[in-house]
Amino acid sequence: MRRNIITTIFKKEVLDIFRDKRVIFSMIVIPLISFPLLLAGLTAFMQSQVEKVSRETFRISYTDDADLAMIKDVLKNADFEVNYFKTTNESYPALIKEKRVHFHIDYEKAAEETFTVYFDRSNTASDIKYGKLSKSINEYKDGRIKIELAKFNVPDNIFDIVKIKIVNIASEGKMKTMFLGMMLPYLLIILSVSGAAYPAVDLTVGEKERGTLETLLSSGATRREIVVGKYLTTVLVAVITALASLLSIVITFKMMPESSEFGAKIDFVTFLISLSAIVPITMIFSALTFAISTFSKSQKEAQSYIQPMMMFIIFPSMASFIPGFELNLKTALIPVFNISLLLKSIIMQEVKWLYFGITMGESVLLAAIFILLAFRLFDREGIIFKGE
Amino acid sequence: MLEIKNVSKNFVLPKKKIKQAVNDVSFEVNPGRIYGLLGPNGAGKTTTLRIIGTIFSPSMGDVIFKGESVFGDPVAHRKRLGFISGNTGVYDRLNPKEIATYFGSLNEIPRKTIDERFERISEMLDMKDLLGKQCSKFSTGEKQKVSIARMMISDPEILILDEPTLGLDVITSRTIVDFINDSKKNGKYIILSTHIMSEAEYLCDDVGIIHKGDLKFNGTLEALHGKYPGESLEKVFFNLIGE
Ligand SMILES: Nc1ncnc2c1ncn2[C@@H]1O[C@H](COP(=O)(O)OP(=O)(O)OP(=O)(O)O)[C@@H](O)[C@H]1O
Ligand SMILES: [Mg+2]
Chain A
118 MRRNIITTIF KKEVLDIFRD KRVIFSMIVI PLISFPLLLA GLTAFMQSQV EKVSRETFRI
178 SYTDDADLAM IKDVLKNADF EVNYFKTTNE SYPALIKEKR VHFHIDYEKA AEETFTVYFD
238 RSNTASDIKY GKLSKSINEY KDGRIKIELA KFNVPDNIFD IVKIKIVNIA SEGKMKTMFL
298 GMMLPYLLII LSVSGAAYPA VDLTVGEKER GTLETLLSSG ATRREIVVGK YLTTVLVAVI
358 TALASLLSIV ITFKMMPESS EFGAKIDFVT FLISLSAIVP ITMIFSALTF AISTFSKSQK
418 EAQSYIQPMM MFIIFPSMAS FIPGFELNLK TALIPVFNIS LLLKSIIMQE VKWLYFGITM
478 GESVLLAAIF ILLAFRLFDR EGIIFKGE
Chain G
384 MLEIKNVSKN FVLPKKKIKQ AVNDVSFEVN PGRIYGLLGP NGAGKTTTLR IIGTIFSPSM
444 GDVIFKGESV FGDPVAHRKR LGFISGNTGV YDRLNPKEIA TYFGSLNEIP RKTIDERFER
504 ISEMLDMKDL LGKQCSKFST GEKQKVSIAR MMISDPEILI LDEPTLGLDV ITSRTIVDFI
564 NDSKKNGKYI ILSTHIMSEA EYLCDDVGII HKGDLKFNGT LEALHGKYPG ESLEKVFFNL
624 IGE
């Protein structure tokens, strides 16, 4: 293989593909704008949800007027407003189902007192409200116990006989970093991987469909030089996509207000290490999509193989979300999974260089295998045959 | 001399079926003469030309240029070879000069030579209006001019032209035909495929008639007419392929 020929091919492909507006859009514009939008939207939505639930008046139904008096007594100190509805034992399930009431409460007094609370737990808003409701009922319960204990001259502070103290030694900054450590690997992997798909398809089977591949094959370049030049272009596009995504994530997090749980900060060194950790996955995936597209008869066919394959990337890339998973000699060997965990450990400033090395080594090896496969596939006669 | 010696090509199709595209074909191409490969669709013309261009390797036989097999050093062979087909696309987002420079560089032509040649070629092909524009909006004929410029930038000794006038109007075809005749005068090895009999009639010196992979006739145009006196090439063609 000749360096000057590979460089010529690489330069031409870069020039060609960078003039393609679709590439610029998916490589730079999409990653840059999607995070600010995503996070701003997410934050706004979460806040509005919480506010909405806390402001809303509770709607509670009952069947017996005696019950009502009791419930009112229990909720008299609650920090929410309540509207009460009288109903029958036959119709309250429908009321709950139709969301006309949040809860139906039955009160019963025998040897002990029982509050039976009926509600739709699959409804998140009701579930959040239940937290508040049960707090009020528990306060009532505590009050009752104290009264009973007082009869036996047991002091009030008997409740505090055992205490638990929690000291969170993680700084607030670290808590926020944890959130970033979960999100970033997944987002970064998915975006850079999809960044590789378009150029890989376009440069191989796309060139065949446009009828320029035969000319290229009849030139003084060897097929391997062609594969390498085009492959490097694919990797470059994927790496730029990764860079744009990473920049966008980091800047977005930086600009979030202090109070937001997304407000983590990343220093420049962490940024660089993260970027270097993402390169191997762009290499693997570029090589894989490259081999697949070389094998395909049309761009459509290539897309139909690449899309389901994305599934195999998405699941392992979610490793960063699973609490307790860390890089060790076993997990460092699972492709994609290891890169997700590696990125997480980099963000958390807990990177272990041995596993960094193993992950990188394995990724380069995998990329090399797929490139060799692409070499084989590119040598086939079918490469310029459009098929029947 | 360029010799095609007992070349056969079998393609392996899905389900292990074998397609015999070219079957024991032999002929010679001489400098300053145009060899025309005539045949209907699917006859094996393109496959034969691709083998001569080392894009495919033959299942059997060999292609010899000046005494050496072209498969010994295919890169060296392709550097002295220009390949054009009627279906050749151009890079839509590049301009003519960028395309020519790209292929010149792939054939390791020095940059200075490329610039000088491009100047001359674009003049000859009357491409003034096309320079500096991306090829996406070019017409079929304009694209074909770009392809010729791309090919000529390496000043190839051998020209392989696979239906070069496909889809072109008479005026643009004229430009291509003039270019082919020019190359002939310059002593190039020219091999061209076509299914247009009249084109073969006024361009070619030697002809091969191929049908279903078999070479039914190989000789000079005069010899062909001598064999079937007074008949048009069209008629001769149908006689040969037996339909
Ligand atoms: N890479 C390939 N794989 C399988 N079969 C092929 C391949 N290339 C060509 N063929 C088959 O070989 C036969 C000869 O094709 P070829 O393209 O050489 O014909 P042609 O004479 O150029 O026809 P046309 O005038 O249509 O261009 C056809 O039946 C074609 O389907
Ligand atoms: Mg053909």
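Protein chains in written order, with the working numbering: chain A, 118 to 505; chain G, 384 to 626. Where is the CB? At the ideal position from N, CA and C, for every residue including glycine.
Exposed or buried, residue i, counting other C-beta atoms within 10 Å across all chains shown (16 or more means buried)?
i      : result
A/I134 : buried
A/R120 : exposed
G/G550 : exposed
A/E505 : Any answer about A/E505 is weak, because its pLDDT of 37 lies below 50 and its placement is not dependable; what the coordinates show is given next. It is exposed - the Cβ of A/E505 has fewer than 16 other Cβ atoms within 10 Å.
A/K461 : buried
G/R461 : buried
G/Y585 : exposed
G/K495 : exposed
A/D182 : exposed
A/F495 : buried
G/G455 : exposed
G/R533 : buried
Compute every distance between the C-beta of residue i and the non-hydrogen atoms of ligand 1, then say whether any falls below 7 Å.
i      : result
A/K325 : no
G/T429 : yes
G/H578 : yes
A/L458 : no
G/E693 : Because chain G in this structure spans residues 384 to 626, residue 693 of chain G falls outside the shown range and cannot be described.
G/F394 : yes
G/K402 : yes
G/N424 : yes
A/E498 : yes
Quick one: give me the first and last residue of the alpha helix (DSSP H) that residue i is part of.
i      : result
G/A404 : Where G/A404 is concerned, there is no enclosing alpha helix (DSSP H), although the beta strand (DSSP E) it sits in stretches over 401-412.
A/R493 : 470-495
A/M465 : Unbroken run through A/M465: none, as it is neither H nor E.
A/S309 : 289-318
G/D565 : 553-568
G/Y585 : 580-586
G/M443 : It is not in any alpha helix (DSSP H) - G/M443 instead sits in the beta strand (DSSP E) that spans 443-448.
G/N622 : 616-624
A/V167 : 147-172
A/F232 : First-last for A/F232: 230-235, but that is the beta strand (DSSP E), not the alpha helix (DSSP H).
A/N121 : 120-135
G/E605 : 604-610
G/E525 : 523-535
Got a sec, what are the start and stop residues for the beta strand (DSSP E) residue i sits in?
i      : result
A/Y509 : Past the boundaries of the shown model lies residue 509 of chain A; chain A is included only from 118 to 505, so the question cannot be answered.
G/L508 : Careful: G/L508 lies outside any beta strand (DSSP E) and carries neither H nor E.
A/R176 : 175-179
G/S468 : 464-468
A/V140 : Segment 138-141 is the alpha helix (DSSP H) holding A/V140; no beta strand (DSSP E) there.
G/Y418 : 416-421
Can you list, in chain order, the residues of its chain with a C-beta nearer than 6 Å to that of residue i? Leave out the 5 residues immediately preceding and following it.
i      : result
A/H443 : In the sequence as presented, His is not what sits at residue 443 of chain A; that position holds Glu. If we look at A/E443 and ignore the five residues flanking it on each side, it has no Cβ neighbours.
G/I492 : S537
A/G233 : Note that residue 233 of chain A is Thr in the sequence shown, not Gly. Excluding sequence neighbours, A/T233 sits near D223.
A/T231 : E225
G/K402 : F394, L396
Helix, strand or coil for residue i per DSSP?
i      : result
A/Y257 : helix
A/T448 : helix
G/N490 : coil
G/T431 : helix
A/D223 : strand
G/E546 : coil
G/L477 : coil
A/E443 : coil
G/E386 : strand
A/G328 : coil
G/G596 : coil
G/L575 : strand
G/E499 : helix
G/G613 : coil
Would the beta-carbon of residue i be found less than 7 Å away from any heavy atom of ligand 2?
i      : result
G/E502 : no
G/E411 : no
G/E546 : yes
Can you find the residues in the same chain that come closer than 8 Å, C-beta to C-beta, to residue i, ignoring five residues on each side of it along the sequence?
i      : result
G/R463 : S537, P539, E540, I541
A/T506 : This structure does not reach residue 506 of chain A, given that chain A is present from 118 up to 505, and the question cannot be answered.
A/I281 : none
A/I398 : I306, S309, V310, V453, I456, S480
Cutting at 7 Å between CB atoms, please list the residues of its own chain near residue i, excluding the five before and the five after it.
i      : result
A/S410 : A317, V318, T321, V322, A419
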